[in-house]
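Structure first, commentary second.
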Amino acid sequence: MVTLGEVGRRRLRRAIVIGWVVVSLSAIIAGYRGTSPVLAWQMFPEASRWQATIVRVTGDGERIDVREPWPGGYRWADLVEERRLRAPFTEQDASYGIAATLDLVQHAIDWVAANTPDDHETEWLEATVTYRHNADPPQTVVLTSPPRSGGR
Amino acid sequence: MRHAEGAIHQPGLPAALRASGARLLTAVDDVVDYRALVPLRIAVGVLTIVQLAPFLADAADGRTYADGFTVPYGAWYPELPGTVYVAALALAAVAGVFMACGLFTRVTTTYTAAFFIYNLFLSRTHYHHNRAFLGVLLVGLALVPAGNAISLDALRNRRRGRPRPAEGRRWPLMLLRFQVGAVYAASGFSKLLDPDWFGGTVLRLRVERQAAASVAAGVPQWLVDVIASPQFQAVFAKVVVLTEIFIGLGLLVPRLRTAAIWVAIPFHVAIAVTADVEVFSWAALAALTIWVTPRAHDREVVIGSRIRAMRGWATIVRLLDWTGRFRVTVDPAQDVAVVLRDRDGSVRSGQPAAVRVATLLPATFFIAAPLGVTGRWGVHSPQGTTSRRTG
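Protein chains in written order, with our numbering: chain A, 4 to 155; chain B, 260 to 650.
Here it is, written out as C-alpha cells:
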C-alpha cells in the first residue's frame, strides 16, 4: 500500500483544489454551449413555453395519438414518468430552456420506440413540438424516433 | 515623493495575483474548526431524505429508474440491478438519518454523498440544479469532521473519555466556499449576458403567467399590473441579476461577506415563496454557515445574573448558538447584563454586547446585523476603539 508523506499530501490537497476549480469553471463555461445544464448553474434561464403532440405512426401511415389505447397496453405517462415529459400535451415551462427540452423530447420518443416490444404496429414515433422562446413568436418543430424494428 | 515611493514598492498586478494564489494554496493546509458546519450537516441530512423520498416511494411501489424513461450520460456509467439499487437507496435514506443525528458520521455522510451523486448522474432526467447543489454540500460534508460535535458520535466519544475535536484541514471548506460562491455568480452572470433576462422579458413573462393566480389569492389587481409592467420588470430584473452577482462575489470577499449573507436570506426566502425549486432555498440558507469563521467558541459571553431578568439568557444564547461561536458563562457578581469578550480581546458590554451577540447568532442575525452596522457602538480593545467587520 502506498502511503504519502506530508509533502505528498500537501501536493495532493493542492491538486484536488486546483482540479475542482478547473472542472467547476469548465462546467460553467460549457453551460453556454450545448444542451447539458450539468453544474452550469444557469437558474431559470428562460421563460419559454412548449407543448407537444406525440403520435405513433403505423405501417399503413396512420397517426395515432399516444393517449389513445396502445398495443401491448402501454401508456405514455407510465413509460415517461419524468415530470417535465409526463404530460407534454399541455403547455408548460421549458425548465432548462427550449434547446434542452427539445433534446429531452427527442430522447423520450427514441427511448419509447426502443422499449415497447409488445407494440407490433408502430413504425416510429413523432413529436410535433410547438414552442415559444421567451416572447418570440411560436415555432413548430417535428421530431421523429428511429424506425422501430418491432413494427411491421 | 510618497507617490514615487509607493510606485517603487507597489508590486505589479501579476505579482500580486501570484502572491494571492500562493497564499490561497498555502491556506489549504491550515487546520480549522468545523464546529460551525453542524447545522449544515443536520439540514443536509434531512433534505437528502426529502430528495430521496420520491425514489423511495417508487421503490415501495416496485418501480425503479430502470422501469421508465432514462437518459444515461454514458454507456460506461454503471447501472445497478433493481434489487441492488433499491437496497442501496434504502441504505442511503438510513445513512441520511444517521448523518443528521451524527452517528458513524464520516461513514454515513460519505455513503449518503456517494449514493446521492450516483443517483443524480444515473439519468439526465434525475438532474436538477438544486439536487446538484445538495450533492456538492454532501461531498463537502463527507470531507470534514462535522460529526465530532453535537452528535451521537460526540456523545459516545465523551462517554469513552476520548472526545475528538472537530478540526480538519481547510481545503474542503475552501472548495465548498468557492463552489457555493460560483453557483450565485454563474447564475447571475448567465442572466447578465442574456438580453431577455437583463432586459426584463423573462421575469415579466413569468409574472404575467402568475398574475391570475396572484389576484385570486388576494393580491390587488393594481399591484399585479404594476409588477407585470415592462417598465417595472426592466428595472426589477437588473436588481435581481445584480443582487445574485453581489451575493456570489460578496461571499468571496471578506469585507462584503456579512452584507452578502444578509442579502442572501431574503433572496432565498423570495425564491422559496415564488418558485418551485424543491429544497434549494433551504439548502442554500443552511449553506450560509460555511461562511462562519472556522474557529469555535472563540468569543466569551458573560451574563450577569445579578439582574433577575437576565438569568435565563445564558440558556437562550447557548440554545441559539448553532454554529458554536461562544463560551457562555454566568457571573453572579457582574452588574452589567451582558459582556462580550471578542476573539481579538476587545470587550463590549450592555446593549452593544447584546446586539453583537445577536448578530453572531444565526436565528437573530438578519434583524441584528443592521443594528450592529448603524449603531457603531464603541468597542474597547487593546488597540483602542474599533468596529469589526469579520464574522
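C-beta atoms are modelled at their ideal positions from N, C-alpha and C, and glycine is treated no differently.
Residue-level contact to chain B via CB, E84(A), 9 Å cutoff: For E84(A), the answer is yes, since a Cβ of chain B falls inside 9 Å of its Cβ.
V597(B): first and last residue of the uninterrupted beta strand (DSSP E) it sits in: DSSP places V597(B) inside the beta strand (DSSP E), whose first and last residues are 597-600.
First and last residue of the uninterrupted alpha helix (DSSP H) at R465(B): From DSSP, the alpha helix (DSSP H) with R465(B) extends over 460-475.
Cβ neighbours of T659(B) in the same chain (closer than 6 Å, five flanking residues each side left out): Outside the modelled stretch of chain B, which goes from 260 to 650, sits residue 659(B), for which no answer is possible.
Proximal residues of chain A, C-beta to C-beta of D455(B) below 7 Å: Neighbours of D455(B) on chain A, chain order: N137.
The segment 21-34 of chain A / the segment 83-100 of chain A touching (three or more Cβ pairs under 8 Å): Between the segment 21-34 of chain A and the segment 83-100 of chain A there are fewer than three inter-stretch CB-CB distances shorter than 8 Å, so the stretches are not counted as touching.
Anticipated Cβ contact below 8 Å, L348(B) with F314(B), distance rounded: F314(B) and L348(B) do touch by the CB rule: their CB atoms are close to 6 Å apart, below 8 Å.
D139(A) (DSSP reduced to helix, strand or coil): The DSSP-derived three-state label of D139(A) is coil.
Cβ-based burial, E65(A) [other Cβ within 10 Å; buried from 16]: Classification of E65(A): exposed, given that the 10 Å Cβ count is below 16.
Chain-ordered residues of the segment 321-344 of chain B with a beta carbon less than 7 Å from chain A: For the segment 321-344 of chain B, the set of residues with a beta-carbon nearer than 7 Å to any beta-carbon of chain A comprises G327, F328, V330, in chain order.
Cutoff 9 Å: H247(B) Cβ touching any chain A Cβ: An answer regarding residue 247(B) cannot be provided, because it is not within the stretch 260 to 650 covered by chain B.
Bridge partner(s) assigned by DSSP for S608(B): According to DSSP, S608(B) bridges with V598(B).
Counterpart residues of L128(A) in DSSP-defined beta bridges: For L128(A), which the question treats as bridged, DSSP gives the partners R59(A).
Minimum Cβ-Cβ distance from S646(B) to chain A less than 9 Å: Note that S646(B) scores a pLDDT of 40, beneath 50, so its modelled location is shaky; the value from the coordinates is reported in the next line. So, not an interface residue.
Length of the line joining the Cα atoms of G650(B) and A628(B): Here the model assigns G650(B) a pLDDT of 46, short of 50, so the residue's position is not dependable, and the following value carries that caveat. Between G650(B) and A628(B), the C-alpha separation is close to 11 Å.
According to DSSP, residues forming a beta bridge with V145(A): Under DSSP, V145(A) shares a beta bridge with T131(A).
Continuous beta strand (DSSP E) assignments of at least 3 residues falling wholly in the segment 550-578 of chain B: Secondary structure remark: continuous beta strand (DSSP E) runs of at least 3 residues inside the segment 550-578 of chain B, in chain order: 558-563.
Buried versus exposed call for L42(A) [16 or more other C-beta atoms within 10 Å across all chains shown]: It counts as buried.
CB of A302(B) within 9 Å of CB of W541(B), strictly: Yes; because the gap between Cβ atoms is below 9 Å, this pair is in contact.
Coarse secondary structure for G427(B), derived from DSSP in three states: Judged by DSSP in its simplified three-state form, G427(B) adopts strand.
Proximity test, Cβ basis, 9 Å: A278(B) and chain A: At a cut-off of 9 Å between beta carbons, A278(B) makes no contact with chain A.
Exposure label - A316(B); buried when at least 16 CB within 10 Å: Of the residues assessed, A316(B) falls on the exposed side of the cut-off, its CB having fewer than 16 other CB atoms within 10 angstroms.
Short Cβ contact (9 Å threshold) for A116(A) with R52(A): Not in contact: A116(A) and R52(A) (Cβ atoms no closer than 9 Å).
Check whether I506(B) and A519(B) have beta carbons under 9 Å apart: Annotated as proximal: I506(B) and A519(B), with beta-carbon spacing under 9 Å.
Buried or exposed (CB count within 10 angstroms, at least 16 for buried), A354(B): By the 10 Å Cβ count, A354(B) comes out buried.
Sequence-distant residues of the same chain with beta carbon closer than 8 Å to T369(B), five excluded per side: Non-local beta-carbon contacts of T369(B) in its own chain, meaning distances under 8 Å to residues more than five positions away in sequence, involve A401 in chain order.
Positions along the segment 34-63 of chain A whose CB lies within less than 8 Å of some CB in chain B: Here the close residues are G34, Y35, S39, P40, V41, L42, A43, W44, Q45, M46, F47, P48, E49, A50.
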